[in-house]
Structure formats: structure tokens, C-alpha cells
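The sequence shown begins at 1 in the numbering used here and counts up by one. For each residue, glycine too, the CB sits at the ideal point set by N, CA and C. Step one of this worksheet: look at the structure below.
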Amino acid sequence: MYRCLIIDDEPIAIRVIRNHLASFKDFEVVAECNNALEAITVLSKEKIDLMFCDIQMPQLTGVDFVRTLTHPPKVIFTTAYRDYAVDAFELHVVDYLLKPISFERFAKAIQHFLIQDKPTPPNQENSTSNQERDFIFLKADKKHYKVNLADILYIESLGDYVITYTADQKIVSKERISHLAEVLPTDHFIQIHRSFIVSIQKIESVGPGFVEINKKKLSVGRNYKMQLNDLMGKL
């Protein structure tokens, strides 16, 4: 269970985050604070894994507050202002959410946290955080579907949407394929075209200019051939 702290001087903003977080069963809200000084007291008494922190607050801004912490928890900044983005990411925060915060954008931030939270296995110096997670959430039909990575055959881009194909269903979600290329583990998935990401384990054959999965031929883009050839040389 991940223990969370919400810091915001606006009750409505706290309520939005709390309601969004309620959809994720592995997260619990330990405390809610209206300013950074209250949060200092909570952090001195409680183990906090993830902190949702507003930036524009009285007495001490969220950015300055995080700078004062010797061993801060993971932080997701929540703010109505874009001006602090550079300062925030210099602090290596998990994400930077602009208000009003949609559930879709909130879910992506949670995914970023889960990726970063996975420990690096011992004796794997080249292990990267995006190679640890075994599921993703996809929004479709006003729901958020948890899709196991092992079930995915391939993903097809349709502009601002993607179709995720599994053996028994396809999920159409509003998502950029470029984002999925960033979050999917590179030891299990490879992008072969600007419109296709495929599961390496599900590849049945590779031919001149195509990859075959589930008896369907998917085009290999010219800019992706070298990456695919490198993969074939390693298998």
C-alpha cells in the first residue's frame, strides 16, 4: 500500500485528488494539509511514499518546501501555473499536473510513479525503470481498463487514438503512440513503424518490410528497420 500526503490550500483541489486516488486500490491518503508547515509535521511522524503538492501556497511555496527536505518522498506537483515547470523538474519530481486535473492525466502520473518506484534488481546495472511494470491503464468507453502487458499483441496508432490488440479484444483509447513508446518496457516491446508497436514475444515471422503477428502483416517503417535488425541479431 502506497501512503500518500496531499498538500493544497484549496479544499476543492484536495477533494479532486482524493477522489481520483480512490480509483487506485494500492494507494491510501494518510493526511491532508493546507500548507507546507502542516506537512512538515506529518512528514516527521508518518512514512509517506508519494506527496501531491500544490505550488502556490501561503508562507512557503511547494517548490521551496520540497527544496527544504533532506529526504523527500516522491513528489507530484499540482498547480494552475505553468511557470514553475523548470524548477519542478530540476527537483526530479514524478510529474507536474496542471489544474483542473483530469482523471486521464492523473492516471498517467500514477503510472509514472509506479515506473519510478520499482527497485532496481541487484547485479543489473543496465536495468531501467521502464522495464519493470507489467500492466498499463487504458481509457475507453468511460472506463479505465487494466491491460496486462503479456496479453498485448500489438498497438496501432490512429492520430490521437490508439488501438491496443490482444488475443480476444481490441481497446480504442485516446492516447498518443509516442507516450506508449516511452512507458512500455523496451525488453518486451519494439516500435516498428510510426503507427505500430509490437510485442516481441508475439512476433511469428519477419519478412521483407513486415512483421507478422497473429497472422496479420504489419509494415516496418524505413526509420525502424535498423532497430528491428539489431533485435533479430540478439535473439
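- Under the DSSP assignment, Val42 falls in the alpha helix (DSSP H) whose first and last residues are 36 to 45.
- The beta-bridge partner set that DSSP reports for Ala31 consists of Leu5.
- The way I'd put it, the stretch 168 to 178 doesn't touch the stretch 217 to 235; fewer than three beta-carbon pairs between them come closer than 8 angstroms.
- The alpha helix (DSSP H) runs lying completely inside the stretch 55 to 87 and spanning 4 residues or more are 62 to 68, given in chain order.
- The beta-carbon separation of Glu156 and Ser195, rounded to 6 angstroms, stays under the 8 angstroms limit for a contact.
- For the pair Leu153 and Ile163, the Cα-to-Cα distance works out to about 11 angstroms.
- Apart from the 5 residues on each side of it in sequence, Thr78 sits with its Cβ closer than 6 angstroms to the Cβ of Phe52, Asp54, Leu97 in its chain, given in chain order.
- Nearest neighbour of Thr41 by Cα position, chosen from Arg18, Thr61, Gly209, Leu69, turns out to be Leu69.
- Annotated three-state conformation of Ile190 is strand, per DSSP.
- Bounds of the alpha helix (DSSP H) holding Ile14 are 11 to 21.
- Residue pairing from DSSP leaves Lys215 without any beta-bridge partner.
- Contact between Glu204 and Ile190 fails: their C-beta atoms lie close to 14 angstroms from each other, not under 8 angstroms.
- Met1 sits close to Glu28, with the two beta carbons spaced by under 7 angstroms.
- Secondary structure note for Val93: it is in no alpha helix (DSSP H), with a DSSP letter that is neither H nor E.
- One alpha carbon belongs to Ile110, the other to Ile7, and they sit about 17 angstroms apart.
- Assignment of Val162 by DSSP, reduced to helix, strand and coil, places it in the strand class.
- Ranking Tyr161, Ile171, Asp9 by CA distance to the CA of His179 puts Tyr161 first.
- Rounded to whole angstroms, Gln116 and Val94 show a C-alpha spacing of 8 angstroms.
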